[in-house]
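Once you know that position 397 of the sequence shown is 402 in the numbering used here, the rest is easy, because the numbers rise by one and skip nothing. Glycine included, every Cβ here is placed at the ideal spot set by N, Cα and C. All figures in this text were calculated on a predicted structure; none of them were measured in a lab. Right, one structure below, let's go through it.
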Amino acid sequence: MSASFHAVRGSFFDLLDDPWKYPGREALAARFVPDGLLIIAEGKIVDFGSFTEVSNRHSQVPVTHLPGRLILPGFIDGHIHFPQTRVLGAYGHQLLDWLQNWIIPEEMRYADRTYAQEAARHFFDDLLAGGVTTCQAFTTSSPVSTEEFFAEAARRGMRTIAGLTGIDRHAPAEYCISPQDFYRETKRLIATYHKQGRHLYAITPRFAVGCTHEMMAVCTQLKREHPDCHINTHISENPTEVRLAQAEYPDCHDYTAVYEKYGLLGPRFTAGHGVWLSNSEFRRFAQTGAAICFCPLSNLFLGSGLFRLGRATDPEQRVRLAIGSDIGGGNAFTPIRVLEEAYKVGMCNNTMLDGSVNACEHDAAEAERNKLNAYRGFYLATLGGAHALYLDDKLGNFSIGKEADFVALDWLAGQHAMAWRQSQVCGPEGPATVDQAASLLFGVMACGDDRNVAETWVNGRRAYQKLPTI
Ligand code: GUN
Ligand code: ZN
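As structure tokens, then:
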């Protein structure tokens, strides 16, 4: 047996399919191995299954045992802003004022390499402490921030997607980047970083409001020249923003039509938010294979609105969905908190559906799809996010051949009240069935936070371990 093989033993929970396909029977999409063994070599999963079965095949491999933990695939944050690490929790404004007052001034500091380096250390520390092993990130209009982002991601061995963030209007002149400079710098950064190690590059027009026709046309050209790059942007987050986008692009009948006009909507395109998308726009996302990143922490913190989860998961026009913290619009790094708010958004949507206040007519199936149980929630945070980002061949569960990124959750940590709540599900020996595992995980997403993240492993190595509390 090769010396580079090593193994992790414990209770494993992952998703093999989309749980929205099995309403009321979501466990069919999940796999739970109460005493499992994961064999890792060179950062990849080379074998997985029950301890008794797999240990027979790998008797000489050194084993790290993680008792009292639920081991899940590493969380994927599909929409986060690296240069907003320090401005989370900014008081009192909705999107457009918030951007001008808090965000752009902070992002301007990232042209300073020393500041960007310090911030990158904080950013990746916070991600790992929250259980995130992959993110798709915005940087700033200064290439320095993109360079430092990728440099720190490489030090951590993390799979990330990011790109120079283009904006050439509705921001101070010293923050804007011209379409020509954006084109030239993006080409240089793609040549340096795309597909180097675990890096992937996203051509990143910040949003239609902040991008002129010339900037969008340059993105079209870049996508044509680099079809395997991602596109990362924002859409329909806030009603004032939607009206401004329509005023800036009067020839486009809705927000999605702007990205269609420039040939960007399609595979590997992700837009954050989509709170105010029409049914027709959801349909066009679904048909083209474009993804939406649902950012409930941010949507509530900035008062943007309630994402229509049940509509986006309509089986007739199922949109690829990730979840994102949208730091610093979102006010916490861990997807555990994102799932808590996602659950609440779904519940509030249903209040409106039941009260017939919602624009869409009362629809029991849609109301059911709004309900985020643990299977659905952790699907979005793992395999669903990977599917949205076209990375499900590499990430998202414990299937053999995938990259060994995972998180070990302590279901008893978190809020003080947590342990007694969880003791109703099972004893300290841990869950015996998939239903018990899902009940504990719902407890984590409903009452938990980054205190539930005991360890985060990246590329087969432990990258974070929570300090014991005194
Ligand atoms: N739209 C354009 N830029 C941003 C940003 O930085 N954060 C959020 N939440 N929305 C945006
Ligand atoms: Zn954002």
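Any heavy atom of the ligand ZN within less than 5 Å of a residue's beta carbon puts that residue on the list, which reads G277, D331. Per DSSP, the beta bridge partners of T275 are N237, A296.
The C-beta of K200 has fewer than 16 other C-beta atoms within 10 Å across all chains shown, which makes the residue exposed. D130: member of the alpha helix (DSSP H) spanning 118-134, first to last residue. Among the bridge pairs identified by DSSP, C140 is matched with D82, T165. In the DSSP assignment, V247 falls within the alpha helix (DSSP H) that extends over 244-253. Residues close to the ligand GUN by the beta carbon criterion (under 6 Å to any non-hydrogen atom) are, from first to last along the chain, H86, L100, L104, I108, R211, F212, H239, E242, S303, D331, G334. Beta-bridge pairing by DSSP links L75 to S16, L414. By the C-beta criterion, the stretch 438-448 is judged not to be in contact with the stretch 61-71, since fewer than 3 inter-stretch pairs fall below 8 Å. In the three-state reduction of the DSSP assignment, Q429 falls in the coil class. Annotation: the continuous beta strand (DSSP E) that includes S55 extends over 49-55.
Under DSSP, G171 shares a beta bridge with P210. In this structure, the straight-line span from the alpha carbon of E460 to that of T217 is close to 44 Å. With respect to the 8 Å criterion, A291 and V324 are classified as neighbours on the basis of their beta carbons. With a cutoff of 8 Å on beta-carbon distance, S150 and Y180 are scored as not near each other.
If you draw a straight line from the Cα of G277 to the Cα of A327, it comes to about 9 Å. Under the DSSP assignment, I45 falls in the beta strand (DSSP E) whose first and last residues are 35-46. Per DSSP, reduced to three states, the secondary structure at H218 is helical.
Going by C-alpha positions, F17 is about 11 Å away from F56. Boundaries of the beta strand (DSSP E) around E460: 458-463.
The shortest CA-to-CA distance from F287 to any of R273, R316, G202 is the one to R316.
The alpha-carbon separation between K26 and A176 amounts to approximately 43 Å.
The DSSP-derived three-state label of V68 is strand. Each residue's CA atom was taken as its position, placing N402 and T318 some 21 Å apart. Residue range 466-470 is occupied by the beta strand (DSSP E) that includes R466.
For L326, the enclosing beta strand (DSSP E) covers residues 325-328. For L227, the secondary structure class from DSSP, reduced to helix, strand or coil, is helix. The C-alpha of I108 lies about 7 Å from the C-alpha of Q89. By DSSP's assignment, G335 forms a beta bridge with I332. A distance below 8 Å between beta-carbons, with the five flanking residues on each side excluded, links I50 to the following residues of its chain, in chain order: L43, I44, F403, S404, I405, G406, K407, E408, A409.
A Cβ-Cβ separation of about 5 Å places A35 in contact with L20 under the 8 Å criterion. Closest option to T138, judged by alpha-carbon separation, among G171, G83, H239: G83.
If you draw a 10 Å sphere on the C-beta of E346, you find 16 or more other C-beta atoms in it, and that means buried. In summary, T209 is buried, with 16 or more beta-carbon neighbours lying within 10 Å of its beta-carbon over all protein chains present. From the listed residues L396, G54, L307, Y384, the smallest Cα separation to L344 is found for Y384.
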